[in-house]
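Numbering-wise, my numbering puts 297 at position 303 of the sequence shown, and it's gapless, one number per residue. Just so it is clear, CB atoms sit at the ideal spot from N, CA and C, and this is done for glycine as well. One structure is given below, encoded as structure tokens.
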Amino acid sequence: MSKLHPLLIYAAFGLPITVPVVLFWHRLSDKKLGRVWLERLWLTPLLLPFVIYGISMFFQLNRSCVLVAGPEGIAGWPGRLQSWLCQAGTALAVILTPLFLVALVVGVVKAGAALILTRRLINRYGYLQEDYRGILSKVNYLANTAGIKPPAVILTDLPLGQAFISGFWQPVLILSRPLVVELDEEELTAVLAHEIAHCQRGDNRRTWLLVLLRDLLLFTGLSPLVFRHWEQLKEQLADGKAGNLGANPLALAQALLKTRRLNTPLSGWRLALDNFLPLARLGGKGKLQQRIEALLEEEQLPGHAGWGLLALGTIWMMAGGLLIFFC
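Structural data, given as structure tokens:
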């Protein structure tokens, strides 16, 4: 179990350090960064512990927590600080190990259940064959416009009130019949364009993986916050791409309000599909309002790469500090 200790130390210390920095950059220069760079920025806290852990294991950087002067260690007060932090981190890791193992089992089981449930939905409902309300024609047109292979479509009777992309290697568009019935033609086209945008971005795989990482890092208490910010930005970016595919922003905003109204409370189906349909997808009223306001903006600024690289560089420099003080 001691092999896991560095990962737990990097997570326990890394997220409390990096999340405030990401929040600082988000509040300071969200317009200058743009949503693409902000999304990358919010990815970082979830990825950093695993990246640092992989680097330290690959290059065998981990040392015992003993103060060593000279070329093999850090002399003076930095060395004493390093030794104290390392020992404190090791003691904390011993406490956190059982929590992490529980999160690991639950997270892996839940991630696997999402894949299995997708297959069960395919077997139960089958792929949509009839062009009900022109869904297949719309999906094929939008996918061709986006330059991707059209996803298979499933129309379910489950009371999910949602449209979402499931599947890992082969994306599957899952539609809830109550939602399809509720939407008018323009709103339905906008929703389909939004989901095709997710396919174009590969969000089905990324969401599945990041929900798993969020679950593994629950013991930090910060991973749900990080994931909610990333999820909000992911949805806003898909909204923007849907507009590029020809969706009417006003129709998509109306569809979001209807989806919110049809959204069902927590159920076994929703929990099992969490890796593809996160419970935080729509967010609270404030998040939904932000998303609708972003949709109705006349122009979505692309952001400046220089600001984005500077923000990411700040966080990765902190990652180097974690390696120095905790390895």
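{"Asked": "Alpha-carbon spacing of T214 relative to A85, whole angstroms", "Found": "15 Å"}
{"Asked": "Buried or exposed (CB count within 10 angstroms, at least 16 for buried), G234", "Found": "buried"}
{"Asked": "Nearest candidate by alpha-carbon position, reference G262, set N198, P153, F221", "Found": "P153"}
{"Asked": "Within 7 Å, strictly: CB atoms of V147 and L177", "Found": "no"}
{"Asked": "Cβ neighbours of H223 in the same chain (closer than 7 Å, five flanking residues each side left out)", "Found": "W36"}
{"Asked": "Rounded straight-line distance, which links the Cα of G28 to that of L22", "Found": "12 Å"}
{"Asked": "With 16 other Cβ atoms within 10 Å as the buried cut-off, status of W163", "Found": "exposed"}
{"Asked": "Supposed contact pair G101 and D209 - C-beta distance, whole angstroms, cut 8 Å", "Found": "3 Å"}
{"Asked": "Distance between D268 and A97 (C-alpha atoms, nearest Å)", "Found": "15 Å"}
{"Asked": "Buried or exposed by the 16-neighbour rule on C-beta atoms within 10 Å, applied to L344", "Found": "Residue 344 lies beyond the range of the chain shown here (-5 to 321); nothing can be said about it."}
{"Asked": "When A288, N134, R114, L182 are compared against G161, the one with the closest alpha-carbon", "Found": "R114"}
{"Asked": "Length of the line joining the Cα atoms of L290 and A249", "Found": "13 Å"}
{"Asked": "C-alpha gap between G83 and L9, whole angstroms", "Found": "14 Å"}
{"Asked": "Status (buried if at least 16 other CB within 10 Å, exposed otherwise) for Y4", "Found": "buried"}
{"Asked": "Which listed residue (A157, T91, W19, L186) has its alpha carbon closest to that of L130", "Found": "L186"}
{"Asked": "Member of S77, L244, E189 whose CA lies at the smallest distance from the CA of E322", "Found": "Nothing can be reported for residue 322, as the shown portion of the chain is limited to -5 through 321."}
{"Asked": "Status (buried if at least 16 other CB within 10 Å, exposed otherwise) for Q194", "Found": "buried"}
{"Asked": "Whether L228 touches T183 by CB criterion (7 Å)", "Found": "The sequence shown places Lys at residue 228, rather than the Leu named in the question. The answer is no: Cβ separation not under 7 Å."}
{"Asked": "Best match in E179, R171, A191, L173 for proximity to P144 [C-alpha to C-alpha]", "Found": "A191"}
{"Asked": "Three-state secondary structure assigned by DSSP to I142", "Found": "coil"}
{"Asked": "Unbroken beta strand (DSSP E) run spanning S160, endpoints", "Found": "157 to 160"}
{"Asked": "Beta-carbon proximity list for N242, same chain, < 7 Å, skipping 5 on both sides", "Found": "E180, A184"}
{"Asked": "Assigned secondary structure, L149 (DSSP; H/G/I helix, E/B strand, else coil)", "Found": "strand"}
{"Asked": "E189 burial status per 10 Å Cβ neighbour count (16 or more: buried)", "Found": "buried"}
{"Asked": "Closest Cα partner of I309 within the set L17, L1, H(-1), I89", "Found": "L17"}
{"Asked": "Within 7 Å, strictly: CB atoms of L220 and L41", "Found": "For clarity, residue 220 is Val in the given sequence; the question names Leu instead. Taking 7 Å as the Cβ cut-off, V220 and L41 do not qualify as a contacting pair."}
{"Asked": "L239 in three-state terms, based on DSSP", "Found": "coil"}
{"Asked": "L167 versus I159: straight-line alpha-carbon distance, rounded", "Found": "5 Å"}
{"Asked": "Rounded distance between the beta-carbons of L1 and P43, thought under 8 Å", "Found": "6 Å"}
{"Asked": "CB of A140 within 7 Å of CB of L265, strictly", "Found": "no"}
{"Asked": "Counted within 10 angstroms of its Cβ, other Cβ atoms place F270 as buried (16 or more) or exposed", "Found": "buried"}
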